[in-house]
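Data first, discussion second: the structure below is written as structure tokens.
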Amino acid sequence: MRDQLKASARSGLIFGVVIIFLMLFGLTKTLSDILGELFNLQSITRTGNSGGLMLLFALLAWWAGSRAAKEDKENWKAVLRNGAVSGLVIGSITALFTFLVGSLDGADIEMRTYLAQLDRPSVQFLLYGRSIIAGALMTFFIFLIFNLVGALASYILETRHAGGYLQKKYLQIKDRISGTSIVVRYKEHPQSKWIGYGILLAGTLLMPQFLGKYWNYAMGTVGIYVIMGLGLNIVVGLAGLLDLGYVAFFAIGAYTVGLLTAPAPIPIQWSFWPVLVISILLAAFAGILLGIPVLRMRGDYLAIVTLGFGEIIRVLIRSDMMSPYLGGPQGVRDIGGPSLFGISLSNERAYLYLIILGILLAILLTNFLQKSRVGRAWMAMREDETVAQAMGINTLYYKLMAFATGAAFAGFGGVLFAARNQYTGPADHTLMVSINVLSLLIVGGMGSIPGVMIGAFVLKGLPEVLRELDIYRLLVFGALLVIMMIIRPEGIWPAPRRRMELHESGLEEIPPDESLIGEEG
Amino acid sequence: MSKTLSQNTAGPINTFLIVQVIISILFIAFLTWRLYTVIDSGAYGPDTWLRFAISGLIIGSVYSVIAIGYTLVYGILFMINFAHGEVMMLGAFAGYFVFEALKSIPVEATGLSFLDSYQIVSVILAFLAGMFISAVVGYFLERIAYRPLRGAPRLIPLISAIGASIFLQNAAQVTFGPKRRTYINPASLQRSVGWRIPVAGEEVILTYTGVLTFVLSILLMVTLYILVMRTRYGRSMRAVAEDKQTAALMGINVDRVISNTFVISGVMGGAAGVMWGIHNGIIYHYVGFIPGLKAFTAAVLGGIGNIPGAMIGGMILGVVESLGPAALGIDFQLKDVIAFSILVLVLIFRPSGIIGEVLSEEKV
Amino acid sequence: MSILETRDLTKRFGGLSAVNRVNVAIPEGAIYSIIGPNGAGKTTLFNCITGFYPPEEGEVLFMGKNLTGLSPDRITQRGISRTYQNIRLFPAMTALENILVGAHPRLRSNFADAILRTPRQRAEEKTALEKAMKLLEFVGLKGKGDLLARNLPYGEQRRLEMARALANEPKIILLDEPTAGMNPNESRTMMRFIENLREELGITILLIEHDMKVVMGISEFIYVLDFGQLIAQGSPEEIQRNPQVIESYLGRGAA
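Chains as they are written, first to last, in this note's numbering: chain E, 33 to 553; chain A, 15 to 378; chain U, 25 to 279.
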């Protein structure tokens with residue numbers, strides 16, 4: 033029993049700390065507003081939906097309670113006891129926190145200067161617009177009561193003796209959500225795959241016609257990231273080289289198109305199409321140039337050096353030294369766009385079509401490469417570099433190839449990005465570009481083409497939808513990366529091979545690599 | 015593994031080596047020529063050079079302390095703790111809040127604030143807070159983001175570390191706000207106040223904050239070195255670094271040793287953060303990122319996994335970065351470029367660093 | 025003339041000579057073995073021949089040409105294949121893909137062919153696939169081509185590794201303890217398989233082996249290494265009678 037109580041208290045502690053962090057981040061307010069709007073709740077304070085806040089706390093408490101109930105599902109007394117302990121812990125932690133914040137605020141200390149999210153209205157909101165004591169007590173009781181409710185509910189719904197029809201339905205639904213995912217079921221019917229692809233393609237091609245200017249632009253951004261993701265997929269997913277300086281090639285593409293089509297800072301104004309080719313080739317060439325020294329290094333060094341290289345490029349394009357040639361912090365304006373048969377294609381819809389075309393091309397290329405001698409050599413290198421070399425593969429050459437191909441894709445992305453905005457500047461080429469591309473790969477599923485697309489939508493599309501969550505985007509995203517690595521390292525839509533790999537034998541890797549030296553005898 | 019590779023691509027006539035040597039000679043010749051023209055032109059007097067060197071040493075000592083955090087973790091887990099810069103940043107914030115809080119407490123006896131009345135105590139408190147917070151962050155970082163991934167393919171913990179770094183950075187931005195904050199130092203530690211050294215008719219200021227930073231970082235590093243090399247605890251740490259399975263068989267609690275390594279590296283990071291705040295004066299949520307990268311560079315420069323290497327690497331990086339732009343006659347904005355170029359050059363020409371890695375080859 | 029020959033091959037690690045002035049010569053179409061106690065330098069010798077360690081002194085001759093200093097991929101391209109003592113397949117690739125990687129040096133299609141899907145590339149892929157299928161059948165893994173290498177049972181992994189080495193169409197194949205971890209029955213099958221390699225494909229075989237039954241059963245000639253030095257050589261009968269070998273090797277190992 034003591035162990036159970038301890039575990040419940042610990043689970044309560046974790047919940048409590050997380051809730052405090054939610055308050056510190058100001059996420060409670062955002063979430064409460066969403067909940068309040070969703071359920072059309074009354075608000076007492078003007079700054080945030082306090083009804084939503086109560087609901088949010090109640091839901092969190094419910095969750096915590098049902099977790100605590102898991103300690104001993106069979107005995108209803110134990111369930112209640114564990115729920116109560118967890119509720120007491122969470123309740124007292126959060127109530128104490130609100131009390132503290134409230135009193136500090138009451139003592140005329142400008143909290144805002146230190147904790148940006150806790151300005152006076154927010155503190156009032158956390159206290160439901162009541163006095164400090166009343167607000168803190170309310171929080172305390174909400175957590176206590178709903179912990180008990182959650183614990184009891186999970187006892188009734190999940191334990192065999194209790195419940196009945198309701199329980200059966202609940203377990204069914206639960207199975208459906210957590211059990212076999214749609215992806216897996218869909219993979220079981222390969223013939224439906226082609227129909228699915230057909231519909232998807234038709235939908236994609238028709239989509240720009242129905243979308244407005246804003247959405248065409250937003251989808252274009254997603255598309256550019258899909259292209260870059262496919263490129264990085266070759267470098268990281270196939271060849272196993274962790275490149276964190278991907279933005280450098282993106283920048284090379286963007287600046288090449290900028291400098292060669294814009295009137296300033298270099299007075300050359302060529303037309304878009306030849307410049308597109310030049311930019312891609314230049315990016316690929318830069319990939320080889322960087323690759324020659326860098327690709328001899330082992331994996332994690334490679335990551336850092338490429339990261340450093342990305343930073344060098346960024347500092348260089350910002351610097352005063354290069355500003356006569358690159359435009360400095362102001363960047364390059366009036367970048368020319370593509371035209372076909374005298375018709376300018378410089379509108380969001382035309383760009384989206386161009387981008388879709390680019391994606392299709394990229395998918396085709398990736399597919400061809402994957403199933404060729406080159407692709408096999410890349411995979412072999414990823415699996416075991418030493419043995420790959422023993423198989424007659426010139427590893428340096430193939431690494432360079434992978435690097436150059438990835439760079440070409442990034443350059444293409446850069447060209448599209450810069451031409452579409454008719455502008456490029458240092459702010460477009462931060463480390464975040466590299467990290468975003470890498471993350472969409474990981475979120476979607478390394479080595480999987482549909483995964484890349486899903487990843488791009490999740491990472492670049494969702495934030496467009498959830499504008500109000502904008503300041504939390506990166507926060508959530510960082511946490512998501514960690515969580516993904518822990519619970520689903522193969523991504524949302526993994527390549528079939530990778531899923532096999534990670535799920536048949538858990539996360540265990542190949543036995544630690546006792547290098548080739550082998551043990552004698 | 016790459017070591018075996020570079021060995022075997024080498025034939026009896028090692029073309030790569032020759033190219034390396036030629037490039038190095040050309041590079042050094044270029045550097046000397048630039049240096050000569052800069053000195054010859056007399057753009058900077060000796061006082062300026064001294065000023066650069068001093069500031070380089072001070073910043074370098076901070077890099078060293080951060081670098082030790084990377085080196086410790088790398089030595090034991092062979093992973094780059096990408097979020098270490100953020101650990102340092104949070105330590106800097108902890109110190110900042112301590113100073114702010116102490117500033118607002120009046121002391122009746124002196125008529126000044128606590129901060130200015132008991133300056134030494136205040137500084138000690140700030141350091142303790144910074145070290146404590148960073149240690150806690152380091153501990154939880156390992157527990158949450160790295161421990162579940164032990165034994166996974168190498169890329170996975172690295173990505174998790176990148177995620178943790180992004181999370182911590184943005185958590186700080188959201189919680190504390192995006193604005194830059196000025197560290198309020200105790201009265202006698204005002205920046206730009208210090209000993210004045212006359213050099214060639216000019217005065218070079220050796221700031222108190224700089225001296226504090228330098229002395230403290232040396233002290234910390236020596237303590238750590240003794241801890242690792244001389245104590246029983248350090249021995250178990252080295253055993254775990256050498257071979258986890260055998261260490262576990264010998265009765266060492268590997269998980270605890272790894273946890274403690276993160277705590278120690280957090281302590282170092284936190285101290286570095288407070289030093290950064292006291293000496294440089296400005297902190298914000300992004301303040302850990304670039305120093306973190308540079309400290310990693312320093313760790314690689316000295317040979318990662320090697321404590322004296324991190325110290326020397328940090329100092330060298332600081333000095334080169336500070337003298338470099340002037341010596342080469344290029345823009346001061348480009349000092350980051352110099353730092354990263356050094357990283358690239360070191361990794362190309364001497365991947366095991368100046369002193370060498372403390373790793374047996376099969377681990378790599 | 026011997027197909028593979030080493031002359032005074034020496035490899036040192038620190039002060040220690042792992043391989044010390046070793047001279048071996050393997051005639052074409054033969055089955056030769058290298059034996060020796062743990063740490064005698066057998067695998068190091070293989071690593072020197074295949075280019076993973078540049079030797080400090082001496083040279084390796086393959087079909088009369090000097091291989092010393094070539095990179096491992098070049099050496100493999102010349103027609104030397106090997107297997108590993110602790111099986112090293114590409115675990116997350118299928119059995120078929122493993123074999124196709126093995127065939128890498130015998131294929132010509134390059135990057136441009138791949139992205140343009142040239143007729144040449146498609147024809148080559150087709151024949152490569154057919155050959156790989158045949159090899160799968162040859163090693164008794166028919167129908168298992170689409171399984172991931174890591175999911176095959178131990179014995180099949182060994183045979184897949186062999187098939188991968190054979191895909192290179194080698195003139196000589198170096199086998200590092202092919203029967204390690206096998207029961208007597210499996211060992212016998214493996215022995216027959218190795219003999220088959222020579223009979224059917226005409227490949228020269230050099231193997232490192234611990235199992236004396238296997239060694240004595242199939243080799244025509246045996247080299248004995250101890251502390252990096254060649255202490256004896258001769259036919260199986262001669263080796264079994266050699267007092268020095270019995271003392272340094274059989275004596276220690278068998279007792």
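Even for Gly, the Cβ is constructed at its ideal location relative to N, Cα and C.
TODO: State the DSSP-derived secondary structure class of Val-48/U, mapped to helix, strand or coil.
DONE: As a position in the third sequence, residue 48/U is number 24, starting the count at 1. In this structure, Val-48/U counts as strand in the three-state DSSP scheme.
Task: Nearest-angstrom Cα separation, counted from Ala-234/E out to Asp-502/E - done: One-based indexing of the first sequence puts residue 502/E at position 470. One-based indexing of the first sequence puts residue 234/E at position 202. Each residue's alpha carbon lies about 32 Å from the other.
- [ ] Would you kindly report the start and end of the unbroken beta strand (DSSP E) that includes Arg-132/U?
- [x] Position 108 of the third sequence, counted from the start, is the residue given in the question as residue 132/U. Neither: Arg-132/U is in no beta strand (DSSP E) and is coded neither H nor E.
Open item on the list: Please tell me whether Met-260/E has its Cβ less than 7 Å away from any Cβ of chain U.
Closed with: Here residue 260/E refers to the residue found at position 228 when the first sequence is read from its first residue. It does not; no Cβ of chain U falls within 7 Å.
TODO: Could you name the residues of the same chain whose beta carbon sits closer than 6 Å to that of Lys-168/U, not counting the 5 residues immediately before and after it, in chain order?
DONE: Here residue 168/U refers to the residue found at position 144 when the third sequence is read from its first residue. Hits under 6 Å: Ala-119.
TODO: Output the boundary residues of the beta strand (DSSP E) element that contains Gly-258/U.
DONE: As a working mapping, residue 258/U is identified with position 234 in the third sequence. Segment 253 to 258, the beta strand (DSSP E) holding Gly-258/U.
Task: For Tyr-56/U, the nearest candidate out of Ile-270/U, Phe-251/U, Phe-135/U, Gly-241/U (CA to CA) - done: One-based indexing of the third sequence puts residue 56/U at position 32. When each option's Cα is compared against that of Tyr-56/U, the closest is Gly-241/U.
Open item on the list: Am I right that Gly-59/A and Ser-279/A are in contact with their C-beta atoms under 8 Å? What's the rounded C-beta distance?
Closed with: The residue given as residue 59/A occupies position 45 in the second sequence. The residue given as residue 279/A occupies position 265 in the second sequence. That pair is no contact at about 41 Å.
Open item on the list: I want to verify the contact list: residues of chain E whose CB lies under 7 Å from the CB of Asp-257/A, in sequence order.
Closed with: Locating residue 257/A in the second sequence gives position 243, counting from the first residue. Per Cβ cutoff of 7 Å: no residues; Asp-257/A is ~10 Å from chain E at best.
Task: Spatial distance of Ala-93/E from Ala-143/A (CA atoms) - done: Within the first sequence, numbered from 1, the residue matching residue 93/E stands at position 61. Within the second sequence, numbered from 1, the residue matching residue 143/A stands at position 129. C-alpha separation (whole angstroms): 32 Å.
Task: Residues, ordered as in the chain, of the region 123 to 147 of chain U that lie near chain E by beta-carbon distance below 9 Å - done: Leu-124, Val-125, Gly-126, Ala-127, His-128, Pro-129, Arg-130, Leu-131, Arg-132, Ser-133, Asn-134, Phe-135, Asp-137, Ala-138, Ile-139, Leu-140, Arg-141, Gln-145
Task: With 16 other Cβ atoms within 10 Å as the buried cut-off, status of Glu-546/E - done: The residue given as residue 546/E occupies position 514 in the first sequence. In this predicted model, Glu-546/E has a pLDDT of only 34, less than 50, meaning its place in the structure is not dependable enough to derive any value.
Task: Identity of the residue in Gly-340/E, Val-49/E, Gly-443/E, Val-111/E nearest Gly-290/E by Cα - done: Your numbering for residue 290/E matches position 258 in the first sequence. The shortest C-alpha separation from Gly-290/E is found at Gly-443/E.
Open item on the list: Could you tell me the alpha carbon to alpha carbon distance between Val-269/U and Ile-176/A, rounded to whole angstroms?
Closed with: Residue numbering aside, residue 269/U sits at position 245 when the third sequence is read from its first letter. Residue numbering aside, residue 176/A sits at position 162 when the second sequence is read from its first letter. Their backbone Cα atoms lie some 57 Å apart in a straight line.
Open item on the list: Could you compute how far the alpha carbon of Phe-135/U sits from the alpha carbon of Leu-401/E?
Closed with: What you label residue 135/U is simply residue 111 of the third sequence in a count that begins at 1. What you label residue 401/E is simply residue 369 of the first sequence in a count that begins at 1. Roughly 8 Å between the two C-alpha positions.
Task: Where Asp-65/E meets chain A, residues with beta-carbon distance less than 9 Å - done: For the purposes of this step, residue 65/E is identified with residue 33 of the first sequence, where counting begins at 1. Simply none; closest approach about 16 Å.
TODO: Leaving out five residues on either side along the sequence, give the residues of the same chain with a beta carbon under 6 Å from the beta carbon of Ala-451/E.
DONE: For the purposes of this step, residue 451/E is taken as residue 419 along the first sequence, with counting starting at 1. If we look at Ala-451/E and ignore the five residues flanking it on each side, its Cβ neighbours are Val-289, Ile-367, Gly-369.
- [ ] For the alpha helix (DSSP H) holding Phe-86/U, just list the boundary residues, first then last.
- [x] On the third sequence, position 62 is the one that residue 86/U refers to. Note, Phe-86/U: premise wrong, no alpha helix (DSSP H); beta strand (DSSP E) at 81 to 86.
TODO: Hey, could you find the ends of the alpha helix (DSSP H) Val-207/A is sitting in?
DONE: Counting from one through the second sequence, the residue named residue 207/A turns up at place 193. That residue, Val-207/A, is in no alpha helix (DSSP H); it is neither H nor E in DSSP.
Open item on the list: Please report the distance separating the alpha-carbon of Gly-182/E from that of Phe-181/A.
Closed with: Locating residue 182/E in the first sequence gives position 150, where the first residue counts as 1. Locating residue 181/A in the second sequence gives position 167, where the first residue counts as 1. About 30 Å.
Task: Cα-Cα separation between Ser-355/E and Ser-378/E, rounded to whole angstroms - done: As a working mapping, residue 355/E is identified with position 323 in the first sequence. As a working mapping, residue 378/E is identified with position 346 in the first sequence. Each residue's alpha carbon lies about 27 Å from the other.
Task: Buried or exposed by the 16-neighbour rule on C-beta atoms within 10 Å, applied to Tyr-50/A - done: Taking the second sequence and counting its residues from 1, the one referred to as residue 50/A is at position 36. Looking at its Cβ environment, which holds fewer than 16 other Cβ atoms inside 10 Å, Tyr-50/A is exposed.
TODO: With Ile-519/E as the anchor, note down where its alpha helix (DSSP H) starts and where it stops.
DONE: Counted from its first residue, the first sequence places residue 519/E at position 487. Taken as a continuous stretch (DSSP letters only), the alpha helix (DSSP H) holding Ile-519/E covers 505 to 519.
- [ ] Can you give me the Cβ contacts of Ile-349/E inside the same chain, cut-off strictly under 6 Å, excluding the 5 residues immediately before and after it?
- [x] Taking the first sequence and counting its residues from 1, the one referred to as residue 349/E is at position 317. Excluding sequence neighbours, Ile-349/E sits near Leu-358, Pro-458.
Task: Against chain E: residues of the region 112 to 141 of chain A by CB proximity under 9 Å - done: Glu-114, Ser-118
Open item on the list: Taking the alpha carbon of Asn-468/E as the reference point, which residue from Lys-492/E, Leu-85/E, Gly-84/E, Gly-424/E has its own alpha carbon closest?
Closed with: Stepping through the first sequence from its first residue, residue 468/E is reached at position 436. Per the Cα distances, Lys-492/E.
Task: Near-chain A residues of the region 254 to 281 of chain E - C-beta to any C-beta below 9 Å - done: Val-268, Gly-272, Leu-274, Leu-276
Open item on the list: Can you check whether the C-beta of Leu-401/E is within less than 7 Å of a C-beta belonging to chain U?
Closed with: Walking along the first sequence from the start, residue 401/E turns up at place 369. For Leu-401/E, the answer is yes, since a Cβ of chain U falls inside 7 Å of its Cβ.
Open item on the list: Assuming Arg-452/E is part of the alpha helix (DSSP H), what are its boundary residues?
Closed with: The count along the first sequence starts at 1 and reaches residue 452/E at position 420. Taken as a continuous stretch (DSSP letters only), the alpha helix (DSSP H) holding Arg-452/E covers 427 to 453.
Open item on the list: Quick check: the Cα distance between Thr-311/A and Val-268/A, rounded to an integer number of angstroms?
Closed with: Reading the second sequence from its first residue, position 297 is the one you call residue 311/A. Reading the second sequence from its first residue, position 254 is the one you call residue 268/A. Their backbone Cα atoms lie some 28 Å apart in a straight line.
Task: Cα-Cα separation, Val-326/E to Thr-437/E - done: Along the first sequence, one-based indexing puts residue 326/E at 294. Along the first sequence, one-based indexing puts residue 437/E at 405. Distance between the alpha carbons of Val-326/E and Thr-437/E: 16 Å.
Task: Buried versus exposed, by CB contacts within 10 Å (16 or more), Ile-240/A - done: Position 226 of the second sequence, counting from 1, holds the residue named residue 240/A. Flag for Ile-240/A reads exposed.
Task: Touching by the beta-carbon criterion (3+ pairs, under 8 Å), the region 257 to 271 of chain A and the region 65 to 74 of chain A - done: no
Open item on the list: Our contact map puts Thr-34/U next to Glu-81/U with C-beta atoms below 8 Å; I'd like the distance itself, whole angstroms only.
Closed with: For the purposes of this step, residue 34/U is taken as the residue at position 10 of the third sequence. For the purposes of this step, residue 81/U is taken as the residue at position 57 of the third sequence. Confirmed, Cβ separation roughly 4 Å.
TODO: Rank Gly-63/U, Met-25/U, Arg-36/U by C-alpha distance to the C-alpha of Val-48/U and give the top, closest one.
DONE: Here residue 48/U corresponds to residue number 24 of the third sequence, with the count starting at 1. Minimum Cα distance to Val-48/U is reached at Met-25/U.
Open item on the list: If you measure between the beta carbons of Ala-420/E and Met-413/E, is that distance less than 7 Å?
Closed with: Residue numbering aside, residue 420/E sits at position 388 when the first sequence is read from its first letter. Residue numbering aside, residue 413/E sits at position 381 when the first sequence is read from its first letter. Taking 7 Å as the Cβ cut-off, Ala-420/E and Met-413/E qualify as a contacting pair.
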